Each structure stands twice: as structure tokens, then as C-alpha cells.
Amino acid sequence: MRNLISIYCWRTHVPIGGSVTALMADIDHFKSINDAHGHFVGDQVICSVAHTLKSAIRASDLVARFWGEEFVVILPNIPPKDANTLAQRLRRKVSEITTDTTPIAITISIGISRFDTAELFESGLEHYD
3 MRNLISIYCW
13 RTHVPIGGSV
23 TALMADIDHF
33 KSINDAHGHF
43 VGDQVICSVA
53 HTLKSAIRAS
63 DLVARFWGEE
73 FVVILPNIPP
83 KDANTLAQRL
93 RRKVSEITTD
103 TTPIAITISI
113 GISRFDTAEL
123 FESGLEHYD
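If you count by the numbering used here, then the sequence shown holds residues 3 to 131, one letter each, in order.
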């Protein structure tokens, strides 16, 4: 995870001395959705969640599918209060998703981590010494 964030900061020129917040979003009860409605509907849910997350962030932010039903949202230089507000807004927007085939309650859980960019770059360079 730290490597992904470091690479993102480097490629997008996030300044050293800034901060990066990472939101880890996990679709709640995703296995139950797949089991009850099939993998086709599960794939639709993943795509809908990805689109919803992407449409709710700034142009400087990044949404990436991290693993299975987990997503990471990378937010450079966002105050902690704003990150918390965004996380709540993302949860609300995802809960409003509707599917074409079957009514499904879609919710996400979100964890928040904050990183100092100088620390990220320094820890990345240690691997090359």
C-alpha cells in the first residue's frame, strides 16, 4: 500500500512535506451478494461502486481497485476533517446505488490512514540503500 501511495505521489508531483490520505473502502457483505445474485451482478456492483467513488472525488485524487471488493482512494493534501466528511459522503452515495436487475442494499465500510510524504519517500529510498 505504501508503495502504491509513494508512486502516486511521485508521478503526480505531490510535494515533499505534504500529506496524503488513503481511504480503504470495502463493499460490505460482497460474498453474500455474489452467492445470492451471481457473479454477473457482483461485477455490476463492483463497477457501480467504482464509478460512484470516482465521480465523488477531486481531479487530483485517485480511485483504484485494490483487491477483490476493496478500493483505495488516494487524497493528496486534504485536511483530516475533510477526509472524514468525504468518507461519509462516499458511504452515502454508495448506499444510493441501484442495480438494473435486482434490488440490493449496497454499503461500504471505510478506513482512513494519513501519511507524510517525506516519510513515504524516505522509507521508499531505504529499499535501495
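From the three backbone atoms N, C-alpha and C, an ideal C-beta is built for every residue, glycine too.
Bear in mind the structure is a predicted one, so any value in this text is a computation, not a measurement.
Nearest Cα to G44 within the set I112, I108 and K95: I108. Under the DSSP assignment, I29 falls in the beta strand (DSSP E) whose first and last residues are S21 to I29. Within the same chain, T23 come within 6 Å of I80 by CB-CB distance, once the 5 residues on both sides are set aside.
Taking the Cα of R116 as reference, the smallest distance to any Cα among N86, D30 and R94 is reached at N86. Under the three-state reduction of DSSP, A66 is assigned to strand.
When secondary structure is reduced to three states using DSSP, G44 falls in the helix class. Per the DSSP secondary-structure output, S111 pairs in a beta bridge with D28.
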